[in-house]
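**Student:** Sequence lines, in order, name chains A and B.
Residue numbering for the first sequence follows the working numbering, starting at 1 and increasing by one per position.
Residue numbering for the second sequence follows the working numbering, starting at 1001 and increasing by one per position.
Note that beta-carbon positions come from the ideal geometry of N, C-alpha and C, so glycine has one too.
Because the structure is a prediction, the values reported are computed rather than measured.
There are 2 protein chains.
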Amino acid sequence: MTDDLSGPASVDQIQTGTLPIFADHRGSLGVLEFPKWLPLVPVRLFWITDVPAGMTRGGHAHKRCAQFMICQGGRIHVDTYDGVRERSFELKAGDYLHLPPGIYASETYIEPHSRALVLCDYPFEVDDYIDDREALTIRS
Amino acid sequence: MTDDLSGPASVDQIQTGTLPIFADHRGSLGVLEFPKWLPLVPVRLFWITDVPAGMTRGGHAHKRCAQFMICQGGRIHVDTYDGVRERSFELKAGDYLHLPPGIYASETYIEPHSRALVLCDYPFEVDDYIDDREALTIRS
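Listed below in structure tokens is the structure:
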């Protein structure tokens, strides 16, 4: 399966930052402008919500798909692995990660009502997923 | 200000539908594919969250910007007006509205944790907003 990877990715390539949030008594508004703040051309988005506090989701890498993952609220702990090294992040509302392909990632939704929005530059394909974390070590 | 409108819009042009939601014990995942299911080319997105239950937001039309508004959870009541006629919608998780420019819209976040994701085909510009609902009646 690793034959399809375009090249070894490194956790050092993961970019992180924070989008603007405008909050007042009416609630919060978070904003993302393309292409200025978005380092990929999205063809798909998905959002994750209603996750029981403490639950871990994800647990795969993508062969081709890069992802721009935004925390829309709560707190999300993200563990990443490139086959050699690990790197962890903690996202609160407005924080994002830009994950290149070839990075294994799993997300733990720490607080109740933690939720994520993910923009992807590749369509959904079952064959794009690498579910076996140890498959990445072949590349090291 | 109405000089900048590209043409009269009608509430009949508002499209509505429901995106796929995949729910299990780990939570819910909602998905949107471009351009297949998205009738505009997004250049910006924003999300609205942490709105007190019963609060109304929005309350404006856009001169040029079309919006694709998705309910990410809870329940949102949307009132629209084209200067002649009114039309109301109630969105639950996964439901969307495609609002053309020139439609006045206000959104009431009915339930706690009701939240919206909005994709826009025009950048943020203060001059794109029509805050005065009655300004639309000039066009009728």
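Please state the DSSP three-state secondary structure of Val118/A.
**Tutor:** As a working note, residue 118/A is residue 118 in the first sequence. In the structure shown, Val118/A sits in a strand (DSSP, three-state: E or B).
**Student:** Could you tell me whether the Cβ atoms of Cys1120/B and Arg1044/B are closer together than 7 Å?
**Tutor:** In the second sequence, residue 1120/B corresponds to position 120, counting from 1. In the second sequence, residue 1044/B corresponds to position 44, counting from 1. In this structure, Arg1044/B lies closer than 7 Å to Cys1120/B by Cβ.
**Student:** Is it buried or exposed, His1113/B, if we count other Cβ atoms within 10 angstroms and call 16 or more buried?
**Tutor:** Looking up residue 1113/B in the second sequence gives position 113. So His1113/B ends up on the buried side.
**Student:** Taking all protein chains shown into account, do 16 or more other C-beta atoms lie within 10 angstroms of the C-beta of Pro123/A, making it buried, or fewer, making it exposed?
**Tutor:** Position 123 of the first sequence, counting from 1, holds the residue named residue 123/A. Pro123/A comes out exposed.
**Student:** Taking 7 Å as the CB-CB limit, is Arg21/A close to chain B?
**Tutor:** As a position in the first sequence, residue 21/A is number 21, starting the count at 1. It should be pointed out that residue 21/A corresponds to Ile in this sequence rather than to Arg. So, not an interface residue.
**Student:** Using 10 angstroms around the beta-carbon of His62/A, count the other beta-carbons present and answer buried if the total reaches 16, otherwise exposed.
**Tutor:** If you number the first sequence from 1, residue 62/A lands on position 62. Buried is the call here.
**Student:** Taking DSSP as the reference, what is the three-state secondary structure of Ala61/A?
**Tutor:** Here residue 61/A refers to the residue found at position 61 when the first sequence is read from its first residue. Three-state DSSP puts Ala61/A in a strand.
**Student:** Which residue's Cα is closest to the Cα of Asp1127/B: His1060/B, Ala1116/B, Pro1052/B?
**Tutor:** As a first step, residue 1127/B must be located in the second sequence, where it is residue number 127. The shortest Cα separation from Asp1127/B among His1060/B, Ala1116/B, Pro1052/B belongs to His1060/B.
**Student:** Using a Cβ-Cβ cut-off of 6 Å (strictly less than) and excluding sequence neighbours within five positions of Asp1095/B, which residues of its own chain qualify?
**Tutor:** For the purposes of this step, residue 1095/B is taken as the residue at position 95 of the second sequence. Cβ within range, chain order: Thr1018, Cys1071.
**Student:** Does the CB of Thr49/A have a neighbour CB from chain B at under 7 Å?
**Tutor:** By one-based count along the first sequence, residue 49/A stands at place 49. Yes, contact with chain B.
**Student:** Just to confirm the assignment, what range does the beta strand (DSSP E) spanning Phe22/A have?
**Tutor:** The residue given as residue 22/A occupies position 22 in the first sequence. First-last of the beta strand (DSSP E) with Phe22/A: 21-24.
**Student:** Do you know whose CA, among Leu1029/B, Asp1050/B, Phe1022/B, Ala1066/B, lies nearest Ala1105/B's CA?
**Tutor:** Taking the first residue of the second sequence as position 1, residue 1105/B is located at position 105. Ala1105/B has its Cα closest to that of Ala1066/B, out of Leu1029/B, Asp1050/B, Phe1022/B, Ala1066/B.
**Student:** The beta strand (DSSP E) that contains Ala1105/B, what's its start and end?
**Tutor:** What you label residue 1105/B is simply residue 105 of the second sequence in a count that begins at 1. Here the beta strand (DSSP E) through Ala1105/B covers 1104-1109.
**Student:** For Ala1135/B and Gly102/A, what's the separation of their Cα atoms in angstroms?
**Tutor:** Working through the second sequence from its first residue, we reach residue 1135/B at position 135. Working through the first sequence from its first residue, we reach residue 102/A at position 102. One C-alpha to the other measures close to 53 Å.
**Student:** From Ala1009/B to Phe22/A, what distance separates their C-alpha atoms?
**Tutor:** As a first step, residue 1009/B must be located in the second sequence, where it is residue number 9. As a first step, residue 22/A must be located in the first sequence, where it is residue number 22. Going by the C-alpha atoms only, they are around 30 Å apart.
**Student:** Could you give the DSSP three-state label for Val1011/B: helix, strand or coil?
**Tutor:** On the second sequence, residue 1011/B is found 11 positions in, with the first residue counted as 1. Val1011/B falls in the helix class under three-state DSSP.
**Student:** Do the CB positions of Thr1137/B and Gly1083/B come within less than 7 Å of each other?
**Tutor:** Here residue 1137/B corresponds to residue number 137 of the second sequence, with the count starting at 1. Here residue 1083/B corresponds to residue number 83 of the second sequence, with the count starting at 1. Yes, the pair counts as a contact, with Cβ atoms nearer than the cut-off.
**Student:** Taking the beta carbon of Glu1125/B as the centre, do at least 16 other beta carbons fall within 10 Å, making it buried, or is it exposed?
**Tutor:** Position 125 of the second sequence holds residue 1125/B. Glu1125/B comes out exposed.
**Student:** How long is the line joining the alpha carbons of Gln13/A and Tyr1129/B, rounded to whole angstroms?
**Tutor:** For the purposes of this step, residue 13/A is taken as residue 13 along the first sequence, with counting starting at 1. For the purposes of this step, residue 1129/B is taken as residue 129 along the second sequence, with counting starting at 1. If I take the Cα positions, the gap works out to 39 Å.
**Student:** Report yes if the CB atom of Arg1026/B is closer than 7 Å to the CB atom of Met55/A, and no otherwise.
**Tutor:** Counting from one through the second sequence, the residue named residue 1026/B turns up at place 26. Counting from one through the first sequence, the residue named residue 55/A turns up at place 55. Closer than 7 Å, so yes.
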